[in-house]
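Structure record follows, encoded as structure tokens.
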Amino acid sequence: MLTKWCRAFPGLAEEVAHARHFVAALTAQHGPVDDAVLVVSELATNAVRHSLSGSADGWFLVIVGFGDDLVRIEVVDQGGDCEPHLCDATSQEEGGRGLLLIAGCAKDWGVKNWPDGRSVWAELAREGNA
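With the first letter of the sequence shown counted as 1, position 110 gets the number 111 in my numbering; the numbers rise by one all the way through.
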């Protein structure tokens, strides 16, 4: 059973920094802080850039769950035309590698579609449980 904390943020680019601070404060005692901050930064940025969350009056929700051996970071956005997916690591395109970074540091990650949005999540090993 996970112990969960959540917070809603306006769908503005500057709110990604607030999401990072929220996650850093929660994971400071539970770790892994750096990976958790990376994950929320990438997922919140994607929510604002690539979903309806970045529209006028948009929002995204950050959920942090703590289990015995993992920390789960989840960002719920308002959905959109773009489906989150891994990009080709050899591509010359600027950007588009955030999910590759998450896949590299997470035990697992995924996407869950909802009727009015989606959630993208990553599970990280708690410090000492890698």
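Each residue gets a CB set at the ideal place from its N, CA and C atoms; glycine is no exception.
Compare the beta carbon distance of residue i and residue j with 8 Å and say whether it is the shorter of the two.
i: A48; j: V72; result: no
In terms of alpha-carbon separation, which member of the options lies closest to residue i?
i: L62; options: C106, G118 and L3; result: G118
i: H51; options: G99, G80 and R127; result: G80
i: E124; options: W115, G99, S54 and A37; result: A37
i: G68; options: G32, E16 and P116; result: G32
i: L3; options: L102, I74, A107 and W110; result: I74
i: L27; options: G66, T46, A45 and V17; result: G66
In this structure, does DSSP put residue i in helix, strand or coil?
i: G66; result: strand
i: A37; result: helix
i: G55; result: helix
From residue i to residue j, what does the alpha carbon distance come to, in whole angstroms?
i: L13; j: V34; result: 23 Å
i: V112; j: V121; result: 4 Å
i: Q93; j: E84; result: Caution is warranted here: a pLDDT of 47 is assigned to Q93, below 50, making its placement in the model unreliable, and the coordinate value is therefore given only provisionally. Computed Cα separation, rounded: 20 Å.
i: G99; j: D70; result: 24 Å
i: P116; j: V24; result: 27 Å
Is there at least one Cβ from chain B nearer than 8 Å to residue i's Cβ?
i: W6; result: Going by chain labels, chain B is absent from the structure shown, which holds only one protein chain.
Which residues does DSSP pair with residue i in a beta bridge?
i: I74; result: V65 and A123
i: P11; result: W60
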